[in-house]
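Take a look at the structure set out below.
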Amino acid sequence: MQGRKIFLGLVGLSLFLLIWHLVTLGNGRTDVPGPWLTLAGLIELATGGVLWRYIIASVFRVMWGFTLAVLVGVPVGLAIGWSRWFRELVNPLVQGLRPISPIAWLPIAVLVFGGMTWWEPSDLSAIFLIFLASIFPIITAATSAVEGIDVKFLRVATNLEVSGAKVLFQVILPAAMPQILTGLRLALGIAWVVLVAAEMLGVQSGLGFQINDSRNNLRYDLVVAAMVVISVIGMFLDGVMARIENSALSRRGTAKR
1 MQGRKIFLGL VGLSLFLLIW HLVTLGNGRT DVPGPWLTLA GLIELATGGV LWRYIIASVF
61 RVMWGFTLAV LVGVPVGLAI GWSRWFRELV NPLVQGLRPI SPIAWLPIAV LVFGGMTWWE
121 PSDLSAIFLI FLASIFPIIT AATSAVEGID VKFLRVATNL EVSGAKVLFQ VILPAAMPQI
181 LTGLRLALGI AWVVLVAAEM LGVQSGLGFQ INDSRNNLRY DLVVAAMVVI SVIGMFLDGV
241 MARIENSALS RRGTAKR
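Mind the numbering: the sequence shown is residues 1 to 257 in UniProt numbering, read in order.
Rendered as structure tokens:
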């Protein structure tokens, strides 16, 4: 089964590369580049030293924003799902802010963080946008996970006189964790997408900045090379989250195919 999955994936990738090559035959660096020009651009970025520095900068921003979103979003989502009064207090605000695109917050982020001197303002702006992009899927997943817990688990806990923090850590969190992890996986993917847009608008490093800078210099081979790097890192991060998610599901006997 695993070998078949890998084989079909390689076939699909090969077909994509072939079509890409045929469509871009004769194009130069100032046009949409083909696979070989993109590979040459990727090598140029890697040997020039900027690629690794920009990858580190982008991953740094994503991890900060995503981690903060997890630390805030999971407790808030659990509280909304568990407490009626907290849901009535907070949920209208969450639902009101959730439809706003994180990129729409960029001018506000620049205004708020632009005067700070203890950290690079552009980094803080990007991290803030990542935080906003990540937190709402996490809150939604955590809320739905708690609301979907089988009442039988809670009744058993009551019969065993389990209450307070023990209910949270021994009943609610274990039952809700698979769905929360699914929300984290979705949020991390959204965070990576938003990061690129944030770096194209407000920072002087990172893969999004590389795309914007290369576009301004008409180096579309470097633009597509940076896009390939973004894709590979995004797939890697999603794969890590998928393994964690499947591990949690397998412990409940419901691992994904």
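From the three backbone atoms N, C-alpha and C, an ideal C-beta is built for every residue, glycine too.
If we call anything under 8 Å between Cβ atoms a contact, is residue i one with residue j?
i	j	result
residue 134	residue 190	yes
residue 102	residue 129	yes
residue 70	residue 249	no
residue 216	residue 200	no
residue 58	residue 195	yes
residue 180	residue 225	no
residue 24	residue 9	no
residue 198	residue 106	yes
residue 167	residue 42	no
residue 88	residue 178	no
residue 104	residue 145	no
residue 214	residue 203	no
Can you name, in chain order, every residue of its own chain whose Cβ lies under 8 Å from the Cβ of residue i, other than the five neighbours on each side?
i	result
residue 192	62, 230, 233, 234, 237
residue 243	none
residue 118	Annotation note: pLDDT 49 at residue 118 (below 50); position unreliable, coordinate value reported separately. Cβ neighbours of residue 118 beyond the five flanking positions: none.
residue 19	none
If residue i sits next to residue j, beta carbons under 8 Å apart, how far is it from one beta carbon to the other, in whole angstroms?
i	j	result
residue 143	residue 77	5 Å
Looking at the C-beta of residue i, does it have a partner C-beta in chain D at a distance below 8 Å?
i	result
residue 133	Absent from the structure: chain D. Only one protein chain is present.
Counting only the same chain and skipping the five closest in sequence on each side, list residues whose C-beta sits under 6 Å from that of residue i.
i	result
residue 110	125
residue 147	81
residue 5	none
Sort the options by Cα distance to residue i and report the nearest one.
i	options	result
residue 49	206, 112, 195	206
residue 188	138, 170, 92	138
residue 123	32, 5, 208, 17	208
residue 218	173, 32, 113, 112	32
residue 36	15, 221, 247	221
residue 210	16, 15, 54, 46	54
residue 74	204, 247, 173, 239	173
For the alpha helix (DSSP H) holding residue i, just list the boundary residues, first then last.
i	result
residue 242	220–250
residue 55	50–82
residue 109	106–113
residue 214	207–216
Using C-beta distances below 7 Å, list every residue in its chain close to residue i, excluding the 5 sequence neighbours before and after it, in chain order.
i	result
residue 131	65, 68, 69
residue 72	135
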